[in-house]
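Let me begin by presenting the structure, written as structure tokens, before commenting on it.
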Amino acid sequence: MKQYKFKYIKIAETKGLKIAILHFAEEFREICKNKSKSKNAHKESMLHIYANNLIRNWKKVL
């Protein structure tokens, strides 16, 4: 877990917070897609909506 935290901190320091958030959201989506099964499709779609809202809100702030 700590590896991921440092990864995003380094991205934020070098490329900016917006890029770090986008990297996180993309990796989060890929993890959800890989773990997704038909009975978990609703949960996956809700997580996608949450990730998209998070990105949109951060774009407004930045």
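Using the working numbering, you'd call the opening residue of the sequence shown number 19 and step up by one each time.
Just so it is clear, CB atoms sit at the ideal spot from N, CA and C, and this is done for glycine as well.
Computed from a prediction, not measured in an experiment: that's the story for all the values here.
Within the same chain, and ignoring the five residues on either side of Ala-30 in sequence, the residues whose Cβ sits closer than 6 Å to its Cβ are Ala-38. Leaving aside the five residues that flank His-66 on each side, none in its chain has a CB nearer than 6 Å to its CB. When only Cα atoms are considered, Lys-28 and Arg-74 end up about 22 Å apart. Glu-45 and Ala-69 have their alpha carbons spaced roughly 11 Å apart.
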